[in-house]
Amino acid sequence: MRLENKVALISGGARGMGAVEAKLFSVEGAKVVIGDVLEEEGRRTEAEINEAGGECLFVPLDVTSESQWQAAVEAAVSRFGKLDILVNNAGIYRTERVEEISEELWDQVMGINAKGVFLGTKHAIPEMRNAGGGSIINISSVTWMMGRPFRLDYVTSKAGVVGLTHAIAPELGEFDINVNAVVLGLVQSDSALKVYGAEHFQKFKERQVFKRSLTPQDACGAVVFLASDDAEMITGQSLVVDGGLVFH
Ligand code: NAD
Numbered sequence: 047m048r049l050e051n052k053v054a055l056i057s058g059g060a061r062g063m064g065a066v067e068a069k070l071f072s073v074e075g076a077k078v079v080i081g082d083v084l085e086e087e088g089r090r091t092e093a094e095i096n097e098a099g100g101e102c103l104f105v106p107l108d109v110t111s112e113s114q115w116q117a118a119v120e121a122a123v124s125r126f127g128k129l130d131i132l133v134n135n136a137g138i139y140r141t142e143r144v145e146e147i148s149e150e151l152w153d154q155v156m157g158i159n160a161k162g163v164f165l166g167t168k169h170a171i172p173e174m175r176n177a178g179g180g181s182i183i184n185i186s187s188v189t190w191m192m193g194r195p196f197r198l199d200y201v202t203s204k205a206g207v208v209g210l211t212h213a214i215a216p217e218l219g220e221f222d223i224n225v226n227a228v229v230l231g232l233v234q235s236d237s238a239l240k241v242y243g244a245e246h247f248q249k250f251k252e253r254q255v256f257k258r259s260l261t262p263q264d265a266c267g268a269v270v271f272l273a274s275d276d277a278e279m280i281t282g283q284s285l286v287v288d289g290g291l292v293f294h
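Residues 47 to 294 (my numbering) make up the sequence shown, in order.
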């Protein structure tokens, strides 16, 4: 098992790819804390993992709140004794035109998708230092490399996630903490399907090297790898998982 004896905190772990990551981490031997604003889904995912023989704790977490991050990290350490891995997965999609993005919406998207990553990282670091090292994995999107229309706030926030990864990695080397981004192509999660529609998936599939849509499982394997000891000398990197969409 690749994550045996490790303790992981996954933001946005109630559903979608965060829940898939939590389940994969558990199968690989990790104890998992999932933090999310969706309590009912979060408790359901927690129960599914525990019933399958894993160890999982749900904590209510709005990633824009510094005090809730502090409480989530404290809950992880008080339940499982330490914190080794943070996956900054929580995020929201938007598809407005530039002129339709209100200041409030801009702040909301940047707050969840970018500030949330900063706050989670800030509060995970002391516990990772106590644990003698750790891994931080931030979830970004290839849209920041492609320049998609109708996504200004989303694309800016996901470019910020990569910038943040590059900026933090050199600072955390002395504590044996590696920091990487997983930059995803279009992944067939329920949320992405609802927001973008099946036609959009068809179009993307045709542009990929591999002519099938990515599943959440396809996307989450890279997260497990970067969280494992196999990746301990990898830091400040963006691992693009997109079925071969952006390089050609
Ligand atoms: P999803 O909507 O199923 O999952 C996102 C999770 O984040 C949800 O559980 C949601 O409740 C949670 N969340 C939202 N706001 C939050 C907040 N303020 N505090 C805590 N949790 C919050 O979406 P998904 O498709 O599974 O996406 C997961 C991540 O992958 C997101 O960061 C998304 O931007 C990124 N991503 C997805 C795709 C794709 O095609 N699906 C592509 C690139 C990147």
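Here a beta-carbon is modelled for each residue, glycine too, at the ideal position from N, C-alpha and C.
At a Cβ threshold of 8 Å, is VAL155 touching chain B? Among the chains of the structure shown, chain B does not appear; only one protein chain is present.
Does the distance from the C-beta atom of HIS169 to that of GLY282 stay below 8 Å? Locating residue 169 in the sequence shown gives position 123, counting from the first residue. Locating residue 282 in the sequence shown gives position 236, counting from the first residue. Note that the C-beta distance between HIS169 and GLY282 is not below 8 Å.
Curious, which full-length beta strand (DSSP E) runs of at least 3 residues does the stretch 170-218 contain? The beta strand (DSSP E) runs of length 3 or more contained entirely in the stretch 170-218 are, from start to end of the chain, 180-187.
C-alpha distance - THR261 paired with PRO106, whole-angstrom precision: Taking the first residue of the sequence shown as position 1, residue 261 is located at position 215. Taking the first residue of the sequence shown as position 1, residue 106 is located at position 60. Going from the Cα of THR261 to the Cα of PRO106 covers about 26 Å.
Beta-carbon proximity check, GLY243 vs ASN135, cutoff 8 Å: Position 197 of the sequence shown, counted from the first residue, corresponds to residue 243. Position 89 of the sequence shown, counted from the first residue, corresponds to residue 135. For GLY243 and ASN135, no; Cβs fall outside 8 Å.
Just tell me which of SER235, LYS69, GLU92, GLY179 has its CA closest to the CA of GLU300. This structure does not reach residue 300, given that the chain is present from 47 up to 294, and the question cannot be answered.
According to DSSP, is ASP82 part of a helix, a strand, or is it coil? As a working note, residue 82 is residue 36 in the sequence shown. Strand at ASP82.
Less than 8 Å between the CB atoms is what I'm expecting for LEU198 and VAL228, so what's the real figure, rounded? One-based indexing of the sequence shown puts residue 198 at position 152. One-based indexing of the sequence shown puts residue 228 at position 182. About 22 Å separates the two Cβ atoms, so there is no contact after all.
Quick check: is any heavy atom of ligand 1 less than 7 Å from the C-beta of GLY58? Within the sequence shown, the letter at position 12 stands for residue 58. Indeed, a heavy atom of ligand 1 lies less than 7 Å from the Cβ.
Over the uninterrupted alpha helix (DSSP H) stretch that includes VAL66, give me the two end residues. As a first step, residue 66 is located in the sequence shown; it is residue number 20 there, counting from the start. Residues 62-73.
Taking 7 Å as the cut-off, is the C-beta of VAL83 nearer than that to any heavy atom in ligand 1? Taking the sequence shown and counting its residues from 1, the one referred to as residue 83 is at position 37. Flag set: Cβ of VAL83 near ligand 1.
Beta strand (DSSP E) segment containing PHE250, residue limits: Position 204 of the sequence shown holds residue 250. Residue range 244-253 is occupied by the alpha helix (DSSP H) that includes PHE250, with no beta strand (DSSP E) assigned at that position.
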